[in-house]
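Counting in this note's numbering, the sequence shown tops out at residue 277, every number present.
Ideal placement from N, C-alpha and C gives every residue a C-beta, glycine not left out.
Input: a single structure, listed below in structure tokens.
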Amino acid sequence: MSRQPALRVRDLTVTFGTARGPVPAVRDISFDVAPGEVLGLVGESGSGKSTIGLAALGLHDPARTRVEGSIRLGGDGPELVGAPEAVLKRVRGAKAAMVFQDALDALSPYHTIGAQIAEAYRVHHPQASRKEALRRAAAMLERVGIPAARASDHPHHLSGGMRQRVVIAMALVNDPDVLIADEPTTALDARVQRQILDLIRELQAETGTAMVLITHDVGVVAATCHRMLVLRAGEALE
Ligand SMILES: Nc1ncnc2c1ncn2[C@@H]1O[C@H](COP(=O)(O)OP(=O)(O)O)[C@@H](O)[C@H]1O
Ligand SMILES: [Mg+2]
Numbered sequence: 040m041s042r043q044p045a046l047r048v049r050d051l052t053v054t055f056g057t058a059r060g061p062v063p064a065v066r067d068i069s070f071d072v073a074p075g076e077v078l079g080l081v082g083e084s085g086s087g088k089s090t091i092g093l094a095a096l097g098l099h100d101p102a103r104t105r106v107e108g109s110i111r112l113g114g115d116g117p118e119l120v121g122a123p124e125a126v127l128k129r130v131r132g133a134k135a136a137m138v139f140q141d142a143l144d145a146l147s148p149y150h151t152i153g154a155q156i157a158e159a160y161r162v163h164h165p166q167a168s169r170k171e172a173l174r175r176a177a178a179m180l181e182r183v184g185i186p187a188a189r190a191s192d193h194p195h196h197l198s199g200g201m202r203q204r205v206v207i208a209m210a211l212v213n214d215p216d217v218l219i220a221d222e223p224t225t226a227l228d229a230r231v232q233r234q235i236l237d238l239i240r241e242l243q244a245e246t247g248t249a250m251v252l253i254t255h256d257v258g259v260v261a262a263t264c265h266r267m268l269v270l271r272a273g274e275a276l277e
């Protein structure tokens, strides 16, 4: 296969500067994710999973973190390691998006869910009218299984599972090529976990988005991923 990977990571090394000196969190990690593929990133707590996810979106604080190696989106995307903030801003949410473990952290309590999804859309479609963006938000809500009529709800009106659906809608609203889901179901009870995983997988297959699914749960990987990369103490096991 000569298809270009949607995400290409080479020799990624991330070192945090701390009061007690540099702490290496991730060492020499390399992987590709093809369009439409789901890669499971598995490892126990502290093994460096979130560190890799954040690096892929250039979310580490450059003043306190040294990121080395190469991260590219698509075959001809710009180098993201060391990229200026202007480049990262164009990529984040548009070409690559992230779903975090705790949906409440990702949502503002003060704005309706419809307005928040619409805003995520307008960041990368500044020419879209408010009305157009709200229409797009309503359509995204329906796609994640929430009736569009609930667009005017605030996050605290929703269950944990529904909030995570909103966050998924927000992550996918700009049709990203790469979705990074960091323990997207860990905060939910078992039955809801299953529903949310099924939803993510269904949307991922439908859109052909490449996905990195970060989890400490090998069962989740077996049910969801095409391939997996196992991490231990910041290094790849296989
Ligand atoms: N901002 C930070 N400053 C210093 N050390 C950090 C920071 N973030 C993570 N670490 C350390 O890096 C290692 C990997 O953390 P993390 O990527 O969050 O692991 P995981 O997501 O697999 O649980 C851990 O030892 C953690 O304590
Ligand atoms: Mg983590």
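Distance from ALA220 to VAL138 at the Cβ level is roughly 4 Å; contact confirmed, criterion being Cβ atoms closer than 8 Å. Cα atoms of GLY121 and PHE55: separation of roughly 15 Å, rounded to the nearest angstrom.
Excluding sequence positions up to five before and after HIS163, its CB lies within less than 7 Å of the CB of GLY132, ALA133, ASN213, all in the same chain and listed in chain order. Look at VAL120 here: in three-state DSSP terms it is coil, with no helix or strand label. In this structure, the CA atom of SER109 is about 15 Å from the CA atom of VAL130. Runs of the beta strand (DSSP E) spanning 3 or more residues and lying entirely within the stretch 206-242 occur at 217-221, in chain order. Note on the stretch 241-266: whole beta strand (DSSP E) runs with a minimum of 3 residues are 249-254, in chain order.
The Cβ-Cβ distance between GLY87 and LEU270 falls below 8 Å.
At least 8 Å separates the beta-carbon of PRO117 from that of ALA73. ARG103 sits in coil when the DSSP states are folded into three classes, being neither helix nor strand. Taking 8 Å as the cut-off, the beta carbon of ALA172 is found closer than this to the beta carbon of ARG161. Distances from the CB of PHE70 to the heavy atoms of ligand 1 are all 7 Å or more. For the set LEU80, VAL48, THR90, the Cα lying nearest the Cα of PRO63 is the one of THR90. The secondary-structure analysis by DSSP pairs THR151 with nothing; it has no beta-bridge partner. When DSSP states are grouped into helix, strand and coil, GLY79 belongs to the strand group. Along the length of the stretch 159-189, whole alpha helix (DSSP H) runs at least 4 residues long occupy 169-182, reported in chain order.
Minimum Cα-Cα distance from GLY153 among the listed residues ASP100, ALA249, VAL205 corresponds to VAL205. Taking 8 Å as the cut-off, the beta carbon of LEU51 is found no closer than this to the beta carbon of CYS264. Taking the C-beta atoms as reference points, PRO223 is found no nearer than 8 Å to GLN243. For SER69, the secondary structure class from DSSP, reduced to helix, strand or coil, is strand.
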